[in-house]
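Numbering (our numbering), first residue to last: 10 to 428.
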């Protein structure tokens with residue numbers, strides 16, 4: 010008899026497997042040891058906190074079950090839940106080293122996304138460009154938009170980068186040549202426009218435009234030698250085949266499988282898989298949250314490094330990412346990126362966290378008000394990861410969140426039957 014598990018069952022299994030990985034391996038990693046020494050606290054295990062975390066998990070999963078699985082917001086909240094909420098619950102069991110208010114902030118994000126999803130905006134009168142017109146519009150934008158890149162970066166293109174040779178040297182060269190235009194458009198082209206060109210061309214069976222889209226993608230890779238350029242296309246193609254519910258089930262199911270495999274490998278002394286995956290993606294953000302809350306307690310930046318820098322003087326010589334790297338990781342060259350929780354706290358304390366929660370929840374509320382077919386969800390995956398690991402206004406302005414919102418309203422909104 011074949012055992013059939015629901016998404017809820019997989020999330021419970023995922024939680025307990027993450028608990029095993031965290032307490033067996035992750036919290037022993039030297040980053041955690043450094044923070045423990047600085048804070049003069051241990052990453053231990055609290056049975057009471059474990060009971061509280063388990064109860065909160067059950068409540069969270071019950072709320073998740075109440076969401077229509079065919080809605081866009083179901084997969085959005087599920088991904089935030091898997092990558093932020095569950096690791097937060099797991100790290101909370103470490104004891105006093107993990108502040109209770111940090112768990113409260115993560116729960117506020119989960120509940121904010123859930124409650125805002127109940128609000129719907131009517132976009133029935135918003136015009137939507139058909140796929141054929143959209144394809145040629147995107148091709149025209151890319152063809153015109155690539156010209157400044159060719160002028161500035163063209164003479165420095167290194168074809169060896171295609172074989173991953175001289176990658177970091179190219180990044181240093183291109184970094185010195187960058188300008189605001191490149192900063193604001195690079196992610197838009199590589200994460201949104203060019204992947205859409207390829208997907209629309211595949212849908213319309215326009216093979217020549219598929220090849221042109223691939224050429225543009227490779228060209229933009231050569232402009233900066235950033236391997237993540239290919240990630241936009243890869244995730245679009247991966248999610249193209251599945252419904253929202255199928256995608257969530259596969260994500261949690263195979264994440265659980267990988268945890269088991271990586272724990273078994275760790276038992277025989279091979280640690281790189283869990284270090285490069287779950288440590289980096291799931292648990293390092295929780296450690297950075299602890300660091301940011303400790304450093305910026307009662308001394309918020311008041312957005313003096315971003316939108317209010319003209320009016321408020323930034324008080325440090327290093328950028329906040331390098332500052333945290335120097336204080337908590339003994340290396341100012343470590344760029345300790347912060348996500349929406351620590352970014353909000355860093356700038357305006359608890360009020361800053363709630364501002365970020367409202368902005369992000371409102372952003373996905375708008376997207377959930379649209380009828381976005383599940384086959385396009387891959388476009389949103391990188392934006393979700395950006396919210397998790399970058400400053401909020403950076404995501405909106407330079408990582409393409411605003412551009413993706415406009416694309417969703419005028420290109421991806423399906424005015425036909427409910428998906």
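From the three backbone atoms N, C-alpha and C, an ideal C-beta is built for every residue, glycine too.
Task: Closest residue to residue 109 among 285, 59, 416, 143 (Cα-Cα distance) - done: 59
Open item on the list: Beta-carbon within less than 6 Å of residue 101's beta-carbon, same chain only, minus the 5 sequence neighbours each way: which residues are those?
Closed with: 58, 62, 107, 112
Open item on the list: Rounded to whole angstroms, what is the Cα-Cα separation between residue 418 and residue 42?
Closed with: 47 Å
TODO: Run the CB neighbour count on residue 322, radius 10 Å, all protein chains shown included, and call it buried at 16 or more, exposed below.
DONE: exposed
Task: Backbone CA spacing between residue 246 and residue 208 [nearest angstrom] - done: 8 Å
- [ ] Could you tell me which uninterrupted alpha helix (DSSP H) segments, each at least 4 residues in length, are contained entirely in the stretch 314-351, listed from first to last along the chain?
- [x] 329-338
TODO: Use the C-beta contact count for residue 165: other C-beta atoms within 10 angstroms, 16 or more gives buried, fewer gives exposed.
DONE: exposed
Open item on the list: DSSP three-state label for residue 371, please.
Closed with: helix
- [ ] Leaving aside the five residues before and after residue 4 along the sequence, list all residues of the same chain whose C-beta is less than 7 Å from its C-beta, in chain order.
- [x] Outside the displayed range of the chain (10 to 428) lies residue 4, so it cannot be described from this structure.
TODO: Return the residue from the list 286, 68, 357, 38 that minimises the CA-CA distance to residue 17.
DONE: 68
Task: Supposed close pair residue 392, residue 421 - CB separation, criterion 8 Å - done: In fact, because the Cβ distance is near 13 Å, the residues do not count as touching under 8 Å.
Open item on the list: Please give me, in chain order, every unbroken run of the alpha helix (DSSP H) with length at least 4 that falls completely inside the stretch 208-255.
Closed with: 216-233, 238-248
- [ ] Could you tell me the boundaries of the alpha helix (DSSP H) in which residue 140 lies?
- [x] 140-162
Open item on the list: Determine whether the beta carbon atoms of residue 118 and residue 93 lie at a separation below 8 Å.
Closed with: yes
- [ ] Determine the DSSP secondary structure at residue 303, reduced to helix, strand or coil.
- [x] helix
Open item on the list: Going by beta-carbon coordinates alone, are residue 183 and residue 232 separated by less than 8 Å?
Closed with: yes
Task: residue 184 - containing alpha helix (DSSP H), residue span - done: 176-186
Open item on the list: Below 8 Å, how does it come out for the stretch 121-136 and the stretch 365-372: are there three or more Cβ pairs, yes or no?
Closed with: yes
TODO: Whole angstroms is fine: what's the gap from residue 305's alpha carbon to residue 167's?
DONE: 42 Å
Open item on the list: Output needed for residue 254: all residues of its chain with C-beta closer than 6 Å, excluding positions within five of it in sequence on either side, in chain order.
Closed with: 78
TODO: Drop a sphere of 10 angstroms on the beta-carbon of residue 73, count the other beta-carbons inside from all chains shown, and report buried for 16 or more, exposed for fewer.
DONE: buried
Open item on the list: Using CA atoms only, rank isn't needed, just tell me which of 261, 262, 260, 284 is closest to residue 271.
Closed with: 284
- [ ] Quick one: give me the first and last residue of the alpha helix (DSSP H) that residue 89 is part of.
- [x] 81-89
Task: Buried versus exposed call for residue 426 [16 or more other C-beta atoms within 10 Å across all chains shown] - done: Confidence at residue 426 is low in this model, with a pLDDT of 43, below 50, so the placement of that residue is unreliable and no value is reported for it.
Task: Where residue 131 falls: helix, strand or coil (DSSP) - done: coil
Open item on the list: For residue 317, which residues in the same chain have their Cβ closer than 8 Å to its Cβ, ignoring the five residues on either side in sequence?
Closed with: 311
Task: Classification of residue 257 by the beta-carbon crowding that lies within 10 angstroms, buried from 16 upward - done: buried
- [ ] Kindly confirm or deny that the stretch 352-359 and the stretch 147-162 touch, where touching means at least three C-beta pairs closer than 8 Å.
- [x] no
Task: Three-state secondary structure (DSSP) of residue 386 - done: coil
Task: Minimum C-alpha distance to residue 224 - residue among 238, 212, 214, 213 - done: 238
- [ ] Keeping to the same chain, check which residues put their C-beta closer than 6 Å to that of residue 348; ignore five residues upstream and five downstream.
- [x] 294, 397, 398
Open item on the list: Please identify the residue among 65, 44, 36, 64 whose C-alpha is closest to the C-alpha of residue 53.
Closed with: 36
Task: Buried versus exposed, by CB contacts within 10 Å (16 or more), residue 44 - done: buried
TODO: State yes or no: is the C-beta of residue 407 within less than 8 Å of the C-beta of residue 192?
DONE: yes
TODO: Would you mind working out which of 261, 302, 337 sits nearest residue 89, comparing C-alpha positions?
DONE: 261
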